[in-house]
Amino acid sequence: MPSRFRLTFLFLVIPFLLVFPLISVAQSPESFGLPVQQTLPGSSGYTFKRLKEKITEFFKFSRQAKFSYRQILLEKRVSEFVSLVENKNQLDFANSSQRLAYQAGILAESVVNGNNKDKELVLTLFAKYKPILDKMRDHFPANSAFWLLSQQDIDTLSILSQKLK
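One point on numbering: in full-length UniProt numbering, the residue at position 113 of the sequence shown is 113, and numbering is uninterrupted.
What follows is the structure, given as structure tokens:
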């Protein structure tokens, strides 16, 4: 006859092992090929990071230099978004979501009247980031506030993609 300890172990551990793989675990930015952001929204240095980004963009004089830098900024915003989901930092999630949508819009607007090569590059970036945002959205219960914010970013990328086609 099995001991009481073994039965308790079986009833507690086995269900956990069966359910644990089903629990949605956030992935790091590196797993998506994104750079890790050391300074995230809400941290004390984030204001300085954003100020540096604004100044750097201001001193990019050619259209192509601005375009390249805006691609980098979009990648940073997506990486921050993923990091906030991974860290379960819900306080700064809404602002990060807005920054992501804003940066995607700025990048799309910069190529609306540009050449087709740049448009295709932006469309490729949007197509690359959309599945990442889909996975991040799925970490939240459907129709919750954070799920809706994530879905709004996905919809923004879709709308901007249609605008560029």
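Note that the Cβ used here is the ideal one computed from N, Cα and C, for glycine as well.
Using the C-alpha atoms, what's the distance from residue j back to residue i?
| i | j | result |
| --- | --- | --- |
| threonine 124 | leucine 91 | 31 Å |
| arginine 50 | alanine 94 | 17 Å |
| valine 78 | phenylalanine 67 | 17 Å |
| leucine 84 | phenylalanine 126 | 20 Å |
| asparagine 89 | proline 41 | 9 Å |
| lysine 44 | glutamine 37 | Note that residue 44 corresponds to serine in the displayed sequence, not to lysine. Serine 44 and glutamine 37: Cα-Cα distance of roughly 14 Å. |
| isoleucine 159 | lysine 60 | 27 Å |
| serine 150 | glutamine 103 | 15 Å |
| tyrosine 69 | lysine 76 | 11 Å |
| histidine 139 | leucine 148 | 12 Å |
Is the CB-CB distance between residue i and residue j below 8 Å?
| i | j | result |
| --- | --- | --- |
| alanine 101 | aspartate 134 | no |
| lysine 130 | leucine 157 | yes |
| glutamine 162 | leucine 107 | no |
| phenylalanine 32 | valine 82 | yes |
| glutamate 53 | leucine 73 | yes |
Compare the C-alpha of residue i against each of the options and name the closest.
| i | options | result |
| --- | --- | --- |
| serine 96 | Ser44, Glu80, Leu107 | Glu80 |
| arginine 63 | Ser110, Ala142, Trp147 | Ser110 |
Can you determine whether any heavy atom of the ligand MG sits closer than 7 Å to the C-beta of residue i, and answer yes or no?
| i | result |
| --- | --- |
| glutamine 37 | The ligand content of the structure shown is nil, which means the ligand MG is not present either. |
Mind reading off the beta-carbon distance from residue i to residue j? Whole number of angstroms is fine, and I expect it under 8 Å.
| i | j | result |
| --- | --- | --- |
| leucine 164 | lysine 119 | 5 Å |
Along the chain, which unbroken stretches of the alpha helix (DSSP H) at least 4 residues long are found entirely within the UniProt domain "DUF5667" (39-99)? If we require 4 residues or more, the alpha helix (DSSP H) runs fully inside the UniProt domain "DUF5667" (39-99) come out as 46-58, 63-87.
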